[in-house]
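> Heads up: the sequence shown runs through residues 1 to 92, numbered per the working numbering.
Backbone N, C-alpha and C define an ideal beta-carbon position, used for all residues, glycine too.
Below: one structure in structure tokens.
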Amino acid sequence: AALQQDAQMNYVNDSAPMHFASAMNAPVTAVYCSTIPSFGFGPLSDKRFIVEIEEPLPCRPCGLHGRPACPLGHFNCALKIKEEQLLRVLQF
């Protein structure tokens with residue numbers, strides 16, 4: 001967590017690294033795939049961003065804590081996140 005504090009931005013998934021960054025008030029971009037921010041587990045840092053798929057998927061969310069593999073076999077919730085969405089965060 002201490003290393004995250006000095007980073008210009010931490011790109012993390014919605015799990016422990018996001019919570020560590022929040023605890024240190026480190027800048028964080030949380031990438032949501034099979035879960036959704038409205039579950040209430042979002043980043044809390046002053047400088048925070050959320051990146052997720054732009055179009056709705058009927059299968060998302062597929063679980064409260066995500067899954068190790070896509071139950072439908074396509075993993076579109078992650079694969080359809082655009083590179084531009086991640087790069088856009090660098091403009092702030």
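R60 and V28 - do their beta-carbons sit closer together than 9 Å?
The residue given as residue 28 occupies position 28 in the sequence shown. The residue given as residue 60 occupies position 60 in the sequence shown. Not closer than 9 Å, so no.
> What is the rounded straight-line gap between the Cα of E83 and the Cα of E55?
Here residue 83 refers to the residue found at position 83 of the sequence shown. Here residue 55 refers to the residue found at position 55 of the sequence shown. Taking the straight line from one Cα to the other gives about 15 Å.
> V31 and D14 - do their beta-carbons sit closer together than 9 Å?
To locate residue 14, count along the sequence shown from 1; it is residue 14. To locate residue 31, count along the sequence shown from 1; it is residue 31. For D14 and V31, yes; Cβs fall inside 9 Å.
> Determine the closest residue to G42 out of L57, N25, P58, with distance taken between C-alpha atoms.
Here residue 42 refers to the residue found at position 42 of the sequence shown. Checking every option, the nearest Cα to that of G42 belongs to N25.
> Name the one or two DSSP bridge partners that V51 has.
The count along the sequence shown starts at 1 and reaches residue 51 at position 51. Per DSSP, V31.
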